[in-house]
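One structure is given below, encoded as C-alpha cells.
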DNA sequence: CTCTTGACTTGACCTAGATCAAAACTTGTA
DNA sequence: TACAAGTTTTGATCTAGGTCAAGTCAAGAG
C-alpha cells in the first residue's frame, strides 16, 4: 500500500496540478506530501465515511465512486459523484455525520491526515484560501442540486444534466445512465422516458454521445453557473443575459 | 442607516458573541468592525443576492428571511431559513450564482465588505478557521437537506422537523407552518395532513407548541447530527447507537 | 366586540413519476 | 460467435402528494 519512490514523484507532479495546491510551490508542499497515504478500493466495495474514523482529506487519484445516503426502504440519493481529481474531506464533516462511499470502479485514493492539512493551513495562508474555495464550491454545488432536485420535472432534470455533459465533457455522458438517474433523484425508467421526450425536441443520445439536430436545443436547460464554462456564454447565441 | 456611537458599542458586544468571531479579541477585530455597515429590510421585500453586487458577508442582527429559488411555474424551494445571528456570505458564491432573499419579518442586516473579511483572514489564522467552520456547517446542512428532501415521505419530513424544533427550540415551532412546509419541499396542505398522521402517534401541535403523550414519540425521526444537541443523546433513552 | 386579513385545514380530484414485469440491448469473456 | 451478466427500454398499473376550492380559525385594527 505504501507508494514506492518512482510512484511518489509521479504522484507529486499530479498533485501539483490540482486546484487545491495552486499558488504553492513544491518546497512548501514537501512536508504535507510526505504525510500522504494511498489506498486501493475495489468495484462494488462500500465504505461508510464518518468524521471520527475518516477525519482526513481524500483525493480521488483514479477511479470513480459515489457518495450516497440510503433510507430504510432502500431508496438511494447520490449526493456527489466523485470523479478523478475530486476531493472529499470528511475532516470537515460534523463528528456525527456519515455518508456511504460506493465504489463504481476500482479506485485509488490518496489521503492526508487532518493534522497535516491543519498544519499546512496554519503555515500557508494560500492553502487556507484554497480550502475555503473548495468548501464554497462544494456548498454551491449542493445548493444547485437542491434546486434541480426540487424544482425541475424529469425532462428538465435530464436536459440540465445533458448541458452539463455537453459543456464539461464535450457531448459525452461520462457515467452509466442509472448513476445519473440516481444523482437526479429519479429512477432509470423515468430517465429513459425523459430521454424519449427530449428526442422529440432534437436531442438524441447515441451510446453516451449527445447529438443535437440544431446545436442550441439544450440551451434552455442551462443554468448560469454551469453555463459560465460554455464557449458561447453570454454571447448572442446564449440565453443568459 | 449609519449606526450611531451608542448603537455601535452595543453592536460590537453582540458581534463578539458570534461563533464566527470566537477565539479573537476585540483588539484584533477593531479594524474589521470599523468596516461594518447596517441595512434595514422590510417584511415582504425581496432582494436577489448575487456575488457581483453582494460580494460581502452578511449577519442577520435581527429579523427573519428565507433564501429561495423559484422556477418558471412559481414553485419555490427554501434553501435556508436565515434566523437571527445567522450568516450569509454571497462573497463565497460563484460569480454567476444568485439566490433570492425574501424577508419574512423586518430585518436588520450587518454586513462587511469582502476585502475587509479577506484582510482579517490573512492577518488572523483563527478567523480563517472560523470561516472554514462556517462553510463546513453550511455544506453539511445542505447535505442533510438533500437527504431529507429526497428520501423522506411527508410524515417523516415533518417528524424530522419537529425533532429539530424540540431539540433546538425547546418544543416550539419557530416559524409559520407554511414556511417550514416550503423548507421541507412540500405544500402547506400536505404539511397539515402529515401533522394529522403524527397526531395518531401521540404527537400533537397546539399553537406551535409540540405536545408528546409519552415523550419519546419523535425519537424515531431524529438524525444523529440533530440529535447531538439533545440532552439524552446516546443515552439509553436515545435510538442512536 | 365585530370585521378584515392572512394562516391553516379539509375534502374531492388529478397527475407525474414510481413500481413491477418482461423484453431488448450491451459488454465482456471463453 | 455465443453465452451470461448487466444495463436500458417499454408497457401497464398504482400511489403519494399536488391542485383547487371551500371552509375554519386566529389576531390585530377600528
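Protein chains in written order, with this note's numbering: chain A, 31 to 271; chain B, 31 to 271.
Cβ atoms here follow ideal geometry from the backbone N, Cα and C, with glycine treated the same way.
Among the options, which has the Cα closest to the Cα of residue i?
| i | options | result |
| --- | --- | --- |
| residue 62 of chain A | A:152, A:134, A:74 | A:152 |
| residue 238 of chain B | B:168, B:232, B:258, B:205 | B:205 |
| residue 108 of chain A | A:47, A:236, A:212 | A:212 |
| residue 102 of chain B | A:268, A:85, A:121, A:250 | A:250 |
| residue 184 of chain B | B:224, B:123, B:232 | B:224 |
| residue 37 of chain B | B:232, B:66, B:150 | B:66 |
| residue 252 of chain B | B:187, B:82, B:56, B:176 | B:187 |
| residue 202 of chain B | B:123, B:122, B:46, B:240 | B:240 |
| residue 123 of chain B | B:177, B:104, B:88 | B:88 |
| residue 92 of chain A | A:233, A:73, A:146 | A:73 |
Output the distance between the C-alpha atoms of residue i and residue j, rounded to the nearest integer angstrom.
| i | j | result |
| --- | --- | --- |
| residue 144 of chain A | residue 170 of chain B | 18 Å |
| residue 138 of chain B | residue 119 of chain B | 16 Å |
| residue 195 of chain A | residue 112 of chain B | 34 Å |
| residue 31 of chain B | residue 158 of chain B | With a pLDDT of only 48 at residue 31 of chain B, under 50, the local geometry of the prediction cannot be trusted, and the value read off the model is given with reservation. Answer to the nearest angstrom: the Cα atoms are 29 Å apart. |
| residue 127 of chain B | residue 210 of chain A | 23 Å |
| residue 51 of chain B | residue 80 of chain B | 25 Å |
| residue 180 of chain B | residue 94 of chain A | 23 Å |
| residue 260 of chain A | residue 197 of chain A | 6 Å |
| residue 222 of chain B | residue 244 of chain B | 22 Å |
| residue 90 of chain B | residue 207 of chain B | 21 Å |
| residue 125 of chain B | residue 58 of chain B | 30 Å |
| residue 192 of chain A | residue 167 of chain A | 20 Å |
| residue 257 of chain A | residue 247 of chain A | 14 Å |
| residue 43 of chain A | residue 140 of chain A | 14 Å |
| residue 214 of chain A | residue 235 of chain A | 17 Å |
| residue 69 of chain B | residue 148 of chain B | 21 Å |
| residue 172 of chain B | residue 268 of chain A | 30 Å |
| residue 40 of chain A | residue 115 of chain A | 14 Å |
| residue 86 of chain B | residue 163 of chain A | 15 Å |
| residue 270 of chain B | residue 263 of chain B | 7 Å |
| residue 98 of chain B | residue 78 of chain B | 9 Å |
| residue 60 of chain A | residue 150 of chain A | 10 Å |
| residue 220 of chain B | residue 136 of chain A | 44 Å |
| residue 218 of chain B | residue 96 of chain A | 34 Å |
| residue 182 of chain A | residue 83 of chain B | 27 Å |
| residue 265 of chain B | residue 64 of chain A | 41 Å |
| residue 46 of chain B | residue 231 of chain B | 44 Å |
| residue 56 of chain B | residue 110 of chain B | 30 Å |
Could you check what DSSP says for residue i in three-state terms: helix, strand or coil?
| i | result |
| --- | --- |
| residue 233 of chain A | strand |
| residue 131 of chain A | strand |
| residue 55 of chain A | coil |
| residue 31 of chain A | Low confidence applies to residue 31 of chain A: its pLDDT is 49, below 50, so where it sits in the model is not reliable, and the reading given next is rough at best. Reduced to three states, the DSSP call for residue 31 of chain A is coil. |
| residue 267 of chain B | coil |
| residue 65 of chain A | coil |
| residue 216 of chain A | coil |
| residue 60 of chain A | helix |
| residue 153 of chain B | helix |
| residue 125 of chain B | coil |
| residue 99 of chain A | strand |
| residue 90 of chain B | strand |
| residue 143 of chain A | strand |
| residue 84 of chain A | coil |
| residue 106 of chain B | strand |
| residue 207 of chain B | helix |
| residue 201 of chain A | coil |
| residue 239 of chain B | strand |
| residue 258 of chain A | coil |
| residue 120 of chain B | helix |
For my contact list, residue i and residue j are in at a C-beta cut-off of 8 Å; report their separation, rounded to the angstrom.
| i | j | result |
| --- | --- | --- |
| residue 76 of chain A | residue 130 of chain A | 6 Å |
| residue 142 of chain A | residue 71 of chain A | Wrong, their Cβ atoms sit about 17 Å apart, outside the cutoff. |
| residue 160 of chain A | residue 254 of chain A | The pair is not a contact, with the Cβ atoms about 24 Å apart (cut-off 8 Å). |
| residue 54 of chain A | residue 154 of chain A | 6 Å |
| residue 242 of chain B | residue 189 of chain B | Not confirmed; about 12 Å, so no contact. |
| residue 174 of chain A | residue 165 of chain B | 16 Å between Cβ atoms; not a contact. |
| residue 178 of chain A | residue 176 of chain B | Not a contact, Cβ separation roughly 10 Å. |
Is residue i near the ligand MG, in the sense that its beta carbon is under 8 Å from a heavy atom of that ligand?
| i | result |
| --- | --- |
| residue 95 of chain A | With respect to the ligand MG, the structure shown offers nothing to examine, as it has no ligands at all. |
Legend entry - Contact list for the stretch 150–172 of chain B against chain A, Cβ threshold 8 Å: Under the 8 Å Cβ criterion, the stretch 150–172 of chain B contributes 151, 152, 155, 158, 159, 161, 162, 165, 166, 167, 168, 169, 170, 172.
Legend entry - Interfacial residues, the stretch 195–222 of chain A to chain B, with Cβ spacing under 8 Å: Within the stretch 195–222 of chain A, those residues whose Cβ lies closer than 8 Å to any Cβ of chain B are, in chain order, 215.
Inset, instruction - Taking only beta carbons into account, state which residues of the stretch 37–53 of chain A come closer than 9 Å to chain B, listed in chain order. - result: Flagged: no residues at all.
Inset, instruction - Quick one: which residues of the stretch 108–122 of chain B get their C-beta closer than 8 Å to a C-beta of chain A? List them in chain order. - result: Taking 8 Å as the Cβ-Cβ cut-off against chain A, the residues of the stretch 108–122 of chain B that qualify are 109, 122.
Legend entry - Within 8 Å of chain A by C-beta, residues of the stretch 175–187 of chain B in sequence order: When CB distances to chain A are screened at a threshold of 8 Å, the residues of the stretch 175–187 of chain B falling below it are 175, 176, 177, 179, 180, 181, 182, in chain order.
Inset, instruction - Name, going along the chain, the residues of the stretch 253–267 of chain B whose beta-carbon falls closer than 8 Å to a beta-carbon of chain A. - result: For the stretch 253–267 of chain B, the set of positions with a beta-carbon nearer than 8 Å to some beta-carbon of chain A reads 254, 255, 257, 258 in chain order.
Legend entry - Where the stretch 79–104 of chain A meets chain B: residues whose CB sits under 7 Å from a CB there: Under the 7 Å Cβ criterion, the stretch 79–104 of chain A contributes 99, 101.
Legend entry - Near-chain B residues of the stretch 134–147 of chain A (beta-carbon distance less than 7 Å), N- to C-terminal order: From the stretch 134–147 of chain A, no residue has a Cβ closer than 7 Å to chain B.
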